[in-house]
Amino acid sequence: MVAEDGDLPGMTPLLQVQDLHVAYHSRDGRKFPALAGVDFELQQGEILGVLGESGSGKSTLAAALLRLLPGNGEIHKGAVWFEGQDLLRIEPRTLERVRGARISLIFQEPSLALHPTIRIGEQISGVLAAHGSASRKALRQKTLQLLGEVFAAEAARIADSYPHQLSGGQQQRVLIAQAIACGPSLIVADEPTASLDPTTQQDILELFRTLREKFKLSLILITHNPALLAGLAERILVLYAGRGIEIGPASEVLSLPRHPYTRALLRSVPRELDHVADGRKSPLPVIPGEAANLAAQAIGCRFEPRCSDRMDLCTQREPAAVVVNPEHAVSCFKYGE
Amino acid sequence: MRYFLRRLTQAAFLLVGVSILTFLFSTLAPGNYFDEMRLNPQISPETAAALRAQYQLDRPLQVRYARWVNSLAHGELGFSFANNSPVAPLLWVRARNTLLLTLTATLISWALALTLGIWSAATLGRLPDRALSWATAALLVIPDLVLALGLLILAVRSGWFPAGGMSSVGIESFSPVQKFRDVAWHMALPVSALVLSAFPILVRHVRGAVAEVLEAPFLRAAASYGIRRRTLLYKYALRAAANPLISLFGFSVGALLSGSLLVEAVMSWPGLGPLLLEAILARDLYVVIGGVLCSTVFLVAGNFLADTLMYWADPRIRTGAPAK
Amino acid sequence: MNRLVIVEKLEKRFERAHSPGSAREVAALQGVSFSIVRGTTLALVGESGSGKSTLALCLACLERPTSGRIIFAGNEIATLNEKQLREVRPQIQLVFQDPARSLNPRFSALEIVSEPLVVQGRLDRREREARARVLLAQVGIAQAKEAQKADEFSGGQRQRLAIARALALEPKLLILDEALSALDCSVQAQIANLLIELQLSLGLTYLFITHDFAMAGHLADEIAVMENGKLVELGVADKVLLATNQEVTRRLIAATPSLGNAAQPPRVV
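Chains as they are written, first to last, in this note's numbering: chain A, 24 to 360; chain B, 143 to 466; chain C, 27 to 295.
Below is the structure:
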């Protein structure tokens, strides 16, 4: 059953992230916070878009869900509830059974996410074998079947190829095949179309839609480009400086953004294709300054230095989430405290 | 296929070149075997000269080289003046002894290096890794000679191991099993010396190569699919780290005949090393050339083996992938 | 000379060494002709493999075309030898997509921007540093940061450094090869604004190569569309965006993600 937004009260969300705090440690012992309290929920069958630019903590969020941070990263607070377990506290063995089989992660840069000297078919079989023993013949069959889901033709040829022999789009499809291999209920994709051509991009996003329908998947799509989420995501979570600053239905967030950052971000996207005569070659409204430096200590709202609507209160403490509509929350003092 | 043919031709050229150079240097060095005889009052100068002529050491260089190549074509490597026997059988016996030592030592070194290196990389920065770094640093600092001598002293003091040689007196009358045990007992010390001097470098390279790969995105991606830690380390990481290690392995193979000279000399192991040493000092020309050539063959073969292995192991080389 | 760049029937063929069974030669460019008016921006849009990067390299005299002419500021440059090209090169500069790879990470900002001046060898050290400082100011890098190493800057700042470096020799033509593609959305807007400003103040001409039709539409006076080495469309930006009759163009525009129908321009709340 694919649940829809805002129905049946009491329906347990598929994923619940609570107050997630992640930091990185440098060699000399300094701490660099990457996530400073992220909260959100994901319903069964939903597509959630996570909108964030560099430094927002989006990739850290993806990795943290499955405790896949690099060696110097540490999750020091929070909980991730999934299918009745807190993923941050279960045993490594149990977590290995969740990874790939219940939740799949698709990293950035497909060319780097595949082993360079193992054939594609073998890599996919490796994922299958990690979650259930089967004969080589059965693995091969299942591998070809999976490749058939993501490639229109030539599954066998792809299976015998090496990653460097495939194009960027093909590599991305292989990653998707690996992700759905063991029938997970949630896929988290970090910038899945970043290095791809527009038509390939379109194909990949369409593939996500198709697979989601077919396998009743829930999706978290992480990107810095709001245009990608238009028409695809059902809800959008906006990240800035390691915090969720706005979350709501995609159509609302994109057309009526509440948070000054979201608003400014959307205004900085060129709209000539939308027949909006902003004036070609006139300056785009930009967000002044640079992305927040999380290492620096600060007390108030992290966006305040760049905000056009800043108030005195903004430097005194961090804003809490304020509900402006059912389903739509913003962390900004403009909407209450 | 073209790749192999090219490498084979290169190897052939190299061998020819080495043989010419060795010939050249050996004959250019002042004196020859028979000069030593002149110091011996019991041998008249005429005898010495006659012997020289008999062995044609008075002919011009090119002629001598041509005759030598000719005999090579017949499977012979010349004549050893000092031992009064053809060179080939002499070399084979000694080379076999050396290979016995070095093959065992190489296998053990690599086995140790791979296991410890991977363990080290997997526990990077923590106690097992740091302990191993200390141990290898210590071993690297101690000169091979000191290591060998140290082991020898241990043998003599404790009496657990023989202090040299390859077999006990009267080995001919032993049963096969007893022969095996006897040789193995004699091998223990030299092999240990070789392993202790070789494996620290190997471990460090394995550790470095694997540690670098462990940071790679594709390994994190594989982990994200729930692939077990052991599979990640031994299948995914090791295969990706293979390239520099294969090159090293090529060197290991290349040094099979030449790397153990010191240990053989110190521990009186009847291998190629001591033979060559004697021959050089005695100006036993053809033994020297034969020995050098054998070592070169191994070196070239080792390199070739490494290239072949890499070609087979890395599909990017095989299919000519563009550099990324 | 109102047209800074005139390209006529440019062809570029490559030998393919490794693929058994497929064509020996790849025609990266086939009969490409266009021109760029001084002080304007021509956007070159196409997917990977369309030949746009090859075209950039030919224009920058880093690749020699197989046939055809390139006329820059009234002079034929496609057939010049290396010595003659030395005069031309400073006038055509490139900015690449990935600042992390085109800047030496251990050089300071000042060193990076001075590098072309050092190579050219005409100014002494103090003059070079003075000019470098002017350039850094022009691209919006604070003077306090001039000694910072390149790998300590953000992506957008590094791209500013790349642009400053490209401006060091006072070029007439700047070829921007996917220069914004690797940047975050809001940073793309910042750099786009910088480019517009620099064009006005320095009279630069841009060849803006991209696969992002939206940004092309925003920055360009004219748009050229390429596919498989051929130029399939060339025209004024408005016409190409709104009234094209080329299938390729339509397909590319349709594939470009846009906020478009799902959202009206955000109203101020």
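No residue lacks a Cβ here, since even glycine has one placed at the ideal position from N, Cα and C.
In angstroms with no decimal places, state the Cα-to-Cα distance between B/Pro318 and B/Gly368.
Translated into positions along the second sequence, residue 318 of chain B becomes position 176. Translated into positions along the second sequence, residue 368 of chain B becomes position 226. If you take the alpha carbons of B/Pro318 and B/Gly368, they lie about 52 angstroms apart.
Using three-state DSSP, classify C/Val266 as helix, strand or coil.
Indexing the third sequence from 1 puts residue 266 of chain C at position 240. Here C/Val266 sits in helix by DSSP.
Roughly how many angstroms lie between the CA atoms of B/Arg144 and A/Gln188, to the nearest whole one?
As a working mapping, residue 144 of chain B is identified with position 2 in the second sequence. As a working mapping, residue 188 of chain A is identified with position 165 in the first sequence. Rounded to whole angstroms, B/Arg144 to A/Gln188 spans 21 angstroms at the Cα level.
Would the region 191–207 of chain C and the region 134–151 of chain C be scored as touching if the rule is three or more Cβ pairs under 8 angstroms?
The region 191–207 of chain C, when compared against the region 134–151 of chain C, does touch it at the 8 angstroms Cβ threshold.
Name the residues in the region 384–401 of chain B whose C-beta lies less than 7 angstroms from a C-beta of chain A; which are they?
Result list empty, no residue passes.
For a test of the three-state rule: what should DSSP assign to C/Gln56, helix, strand or coil?
On the third sequence, residue 56 of chain C is found 30 positions in, with the first residue counted as 1. Strand.
At 8 angstroms on the CB atoms, spell out the chain A contacts of B/Phe366, in chain order.
To locate residue 366 of chain B, count along the second sequence from 1; it is residue 224. Phe is not the amino acid found at residue 366 of chain B; the sequence shown has Ser there. Ordered by position in chain A, the residues that pass the 8 angstroms Cβ test against B/Ser366 are Leu89, Leu91, Arg122, Gly123, Ser127, Leu128, Phe130.
I want to verify the contact list: residues of chain A whose CB lies under 8 angstroms from the CB of B/Arg381, in sequence order.
The count along the second sequence starts at 1 and reaches residue 381 of chain B at position 239. Near B/Arg381 (Cβ distances below 8 angstroms), the residues of chain A are His138, Thr140, Ile141.
Measuring alpha carbon to alpha carbon, tell me which of B/Arg349, B/Ala215, B/Met329 ends up nearest B/Leu254.
As a working mapping, residue 254 of chain B is identified with position 112 in the second sequence. When only C-alpha atoms are compared, the closest one is B/Arg349.
Using 8 angstroms as the threshold, is the region 206–217 of chain C in touch with the region 61–81 of chain C, meaning 3 or more CB pairs across them?
As far as the Cβ criterion goes, the region 206–217 of chain C does not touch the region 61–81 of chain C, which means the pair count is below three.
DSSP three-state call for B/Arg148: helix, strand or coil?
Walking along the second sequence from the start, residue 148 of chain B turns up at place 6. Residue state, collapsed to three classes: helix.
For a contact defined as C-beta to C-beta under 8 angstroms, what are the partners of C/Met241 on chain A?
Within the third sequence, the letter at position 215 stands for residue 241 of chain C. In chain order: Pro293.
Does B/Tyr378 come within less than 8 angstroms of chain A when only Cβ atoms are used?
Counting from 1 along the second sequence, the entry for residue 378 of chain B is found at position 236. Yes - at least one Cβ of chain A is within 8 angstroms of the one on B/Tyr378.
In this structure, does DSSP put A/Gly149 in helix, strand or coil?
Against the first sequence, residue 149 of chain A aligns to sequence position 126. Of the three classes helix, strand and coil, the one that applies to A/Gly149 here is helix, per DSSP.
To which residues does DSSP link A/Ala46 through a beta bridge?
For this step, residue 46 of chain A is matched to residue 23 along the first sequence. In DSSP, A/Ala46 forms a bridge with A/Pro56, A/Glu97.
Under 8 angstroms, do A/Ala319 and A/Ser79 count as touching if we go by C-beta distance?
As a working note, residue 319 of chain A is residue 296 in the first sequence. As a working note, residue 79 of chain A is residue 56 in the first sequence. No, the Cβ-Cβ distance between A/Ala319 and A/Ser79 is not below 8 angstroms.
Does chain C have any CB closer than 8 angstroms to the CB of A/Leu118?
Stepping through the first sequence from its first residue, residue 118 of chain A is reached at position 95. Chain C, which has no Cβ nearer than 8 angstroms to the Cβ of A/Leu118, makes this no.
Out of curiosity, what's the CA-to-CA distance linking C/Ser227 and C/Pro131?
Residue numbering aside, residue 227 of chain C sits at position 201 when the third sequence is read from its first letter. Residue numbering aside, residue 131 of chain C sits at position 105 when the third sequence is read from its first letter. Rounded to the nearest angstrom, the two C-alpha atoms are 29 angstroms apart.
I want to see whether chain B comes within less than 8 angstroms of A/Tyr185, judged by CB atoms only; does it?
Here residue 185 of chain A is taken as the residue at index 162 of the first sequence, counted from 1. So, interface residue.
Which residues, in chain order, does the region 128–155 of chain C contribute to contact with chain A at a C-beta distance below 7 angstroms?
Correct list: empty, as no residue qualifies.
Need the endpoints of the alpha helix (DSSP H) that A/Val309 sits in, please.
Mapped onto the first sequence, residue 309 of chain A falls at position 286. Unbroken run through A/Val309: none, as it is neither H nor E.
Could you check whether B/Asn385 and B/Met452 sit closer than 8 angstroms to each other, using their CB atoms as the reference points?
Residue 452 of chain B sits at position 310 when you count from the first residue of the second sequence. Residue 385 of chain B sits at position 243 when you count from the first residue of the second sequence. Yes, the pair counts as a contact, with Cβ atoms nearer than the cut-off.
Using a Cβ distance threshold of 8 angstroms, determine whether the region 329–348 of chain B contacts the region 94–102 of chain A, with at least three qualifying pairs required.
Contact fails: fewer than three Cβ-Cβ distances are below 8 angstroms.
For B/Ala280 and B/Pro270, I'd like the C-alpha separation in whole angstroms.
By 1-based counting over the second sequence, the position of residue 280 of chain B is 138. By 1-based counting over the second sequence, the position of residue 270 of chain B is 128. Between B/Ala280 and B/Pro270, the C-alpha separation is close to 16 angstroms.
Extract the residue ranges of the beta strand (DSSP E) inside the region 251–290 of chain B, only unbroken runs of 3 or more that lie entirely within it.
None, since the region 251–290 of chain B contains no complete beta strand (DSSP E) of that length.
Quick check: is the beta carbon of C/Leu278 nearer than 8 angstroms to any beta carbon in chain A?
Start at 1 with the first residue of the third sequence, and residue 278 of chain C comes out as number 252. True, the Cβ-Cβ gap to chain A drops below 8 angstroms.
From C/Glu73, C/Ser59, C/Met252, C/Val58, pick the residue whose C-alpha is nearest to that of A/Ser218; which is it?
On the first sequence, residue 218 of chain A is found 195 positions in, with the first residue counted as 1. Considering only alpha carbons, the answer is C/Glu73.
Answer yes or no: does any C-beta atom of chain A fall closer than 8 angstroms to that of B/Pro492?
This structure cannot settle anything about residue 492 of chain B, because the visible part of chain B is limited to 143 through 466.
So, does the CB of A/Leu240 fall closer than 8 angstroms to a CB anywhere in chain B?
Looking up residue 240 of chain A in the first sequence gives position 217. It does not; no Cβ of chain B falls within 8 angstroms.
Taking three-plus beta-carbon pairs below 8 angstroms as touching, is the region 339–348 of chain A in contact with the region 247–261 of chain C?
Too few Cβ pairs lie closer than 8 angstroms, so no.
Who does C/Phe122 pair with in a DSSP beta bridge?
In the third sequence, counting from the first residue as 1, residue 122 of chain C sits at position 96. Note: C/Phe122 sits in no beta bridge, so no partner.
Is there contact here, the region 349–358 of chain A with the region 76–93 of chain A, by at least three beta-carbon pairs under 8 angstroms?
Touching, no, given that fewer than three Cβ pairs across the two stretches are closer than 8 angstroms.
Between C/Ala218 and the rest of its own chain, which residues show a CB-CB distance below 8 angstroms, the 5 nearest in sequence each way excluded?
The count along the third sequence starts at 1 and reaches residue 218 of chain C at position 192. Once the five neighbours on either side are set aside, the close Cβ partners of C/Ala218 are Leu206, Met241, His244, Leu245.
For B/Ser389, which residues of its own chain have a beta-carbon under 6 angstroms away from its beta-carbon, when the five flanking residues on both sides are left out?
For the purposes of this step, residue 389 of chain B is taken as residue 247 along the second sequence, with counting starting at 1. Hits under 6 angstroms: Ala448.
Suppose the cutoff is 8 angstroms on Cβ atoms and the five residues either side in sequence are ignored; what does the same chain contact list for B/Ser334 look like?
In the second sequence, residue 334 of chain B corresponds to position 192, counting from 1. Answer for B/Ser334: Leu293, listed in chain order.
Evaluate the contact criterion for the region 255–272 of chain A versus the region 58–73 of chain A: three or more CB pairs, one atom per stretch, below 8 angstroms.
With the cut-off at 8 angstroms, the region 255–272 of chain A and the region 58–73 of chain A touch.
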